[in-house]
Amino acid sequence: MTERPPTLDAVAQRAGVSTGTVSRVLNNAQHVSQKARQAVERAIEELGYVPNTAARSLAARRRGAVVLAISSEDPALTANLFFAEVITGVNAVIEETDLQLLLVLAASQRGQDRFTRVLHAADGVLLLALREHDPLSKLAADSGLPVVHGGQPLGHTPRHYVDADNRGGARLATEHLISLGRRRIATITGGTDQQVALARHLGYREALALAGLSEKRLAHGDFTESGGAAAMTRLLAEHPDLDAVFVASDAMAAGALDVLRERGRRVPEEVAVVGFNDIVTAQHTQPALTTVRQPIEALGREMTRMLIRLINGEQPTSLILPTELIRRDSA
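Using UniProt numbering, you'd call the opening residue of the sequence shown number 1 and step up by one each time.
In structure tokens, the structure reads:
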């Protein structure tokens, strides 16, 4: 078998620096410490690394920015803890490079026009929270820039994406409720135009099917606290006998807990509740929320690392991040 040549990542690991630092050394950037420069040069020599000339040429033409486009028009989006954590992860990696981060909310036509304009100033694109047939996918693809998706859009699998094990995590949550002896288990899903919502619903259904339980107790939400409250209200009206609910996000679970408390339904004694994401507030709901943890900040970091590798001329593979059940008081 032919030995694969060393990569930029291998050089960075050997030198103990970021890939962005290696790229700056290769491109003779001025603001690199002498210590880092020497470490990179030593790693290159030890590994026999040969820089990709096409990537070097691309680097020379860089515009110096990365676009993070989110399919939303909500100006309060950064207050949403999920998106806030993703952005924190993205920014942590961007800080290691010479790149600037441009954030665009682009669900409306006006937002899409703005997205198209900023692409001319960008070296790569990160896409997040896309919906079915979302025009952002085509706009990004038509730009010819490297593109990395956060999650998989409904209807197609992009070439480069970072996602969490949504299906497996939802199955784990539902299996936990079953293990507690709950048999009338409802679910509150996300929007039906998002792959993440369908994957979590599928995991729920799989667990119930294996246990021979009914999956008829369902209400659709929208990944917001108010949406979760409205969905919980509908579930209680239609299925007052429910004894557990798997909620497809912590924000919706917080709304569901409020409604259960208002209706005098004790959690977890009468109704056990499990959420998904493990945002910070999951620890502070009443009662504290049992949930499925996905590494949200790591999602942002890995998306950005993948994009930088693409910008540097490499071809990384897509990545699925693991999820785990975090047990607290609600189930």
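Virtual Cβ for every residue (Gly too), placed ideally from N, Cα, C.
About 6 Å separates the beta carbons of Leu321 and Leu299, which is inside the 8 Å limit, making them a contact pair. Spatial neighbours of Leu145 in its own chain (CB-CB distance under 8 Å, excluding positions within 5 residues in sequence) are listed in chain order as Leu119, Ala122, Asp123, Gly124 and Val125. At a Cβ-Cβ threshold of 8 Å, Val273 and Ala229 do not count as neighbours.
Under DSSP, Ala65 forms a beta bridge with Gln100. By the Cβ neighbour-count rule, Glu270 is exposed, with fewer than 16 other Cβ atoms within 10 Å of its own. Under the Cβ criterion (8 Å, minimum of three pairs), the region 209 to 218 does not count as touching the region 154 to 163. By the C-beta criterion, the region 163 to 173 is judged to be in contact with the region 188 to 208, since at least 3 inter-stretch pairs fall below 8 Å. Here the alpha carbon of Leu242 sits roughly 53 Å from the alpha carbon of Val17.
Counted as a single uninterrupted DSSP element, the alpha helix (DSSP H) harbouring Leu257 occupies residues Asp250 to Glu262. Pro268 counts as buried, since at least 16 other C-beta atoms from the protein chains shown sit within 10 angstroms of its C-beta. Under the three-pair Cβ rule at 8 Å, the region 123 to 142 counts as touching the region 304 to 313. In the displayed model, Thr187 falls within a strand according to three-state DSSP. Under the DSSP assignment, His201 falls in the alpha helix (DSSP H) whose first and last residues are Gln195 to Ala211. For Arg110, the enclosing alpha helix (DSSP H) stretches over residues Gln109 to Leu119. Residue state for Asn312 is assigned as coil, using DSSP reduced to three classes. Beta-bridge pairing by DSSP links Thr291 to Gly275 and Ile326.
Three or more pairs of CB atoms, one per stretch, sit closer than 8 Å, so the region 41 to 48 contacts the region 6 to 15. Of the candidates Asp250, His239, Leu208 and Phe115, the residue whose Cα lies closest to the Cα of Ser179 is Leu208. For Leu218 against Ala186, the beta-carbon gap comes to about 7 Å, under 8 Å, which counts as contact. Counting the other Cβ atoms within 10 Å of the Cβ of Glu262 gives fewer than 16, which makes it exposed. For Leu172, the enclosing alpha helix (DSSP H) covers residues Asn166 to Ser179.
Rounded to whole angstroms, the Cβ separation of Leu8 and Glu314 is 6 Å, and the two are in contact under 8 Å. Between Arg328 and Ala288, the C-beta spacing is below 8 Å. Within the DSSP bridge table, the entry for Gly150 names Leu128 and Val162 as partners. Counting along the chain, the unbroken beta strand (DSSP E) around Leu218 starts and ends at Leu218 to His220. For the 8 Å CB-CB criterion, Val292 and Leu81 do not form a contact. Residue pairing for Ile70: DSSP places it in a beta bridge opposite Leu105 and Leu128. Residue state for Ala244 is assigned as strand, using DSSP reduced to three classes.
When the Cα atoms are used, Glu238 and Ala199 turn out to be separated by approximately 24 Å. The three-state secondary structure of Leu321, taken from DSSP, is strand. Cβ atoms of Gly275 and Ala253 come within 8 Å of each other, at about 3 Å.
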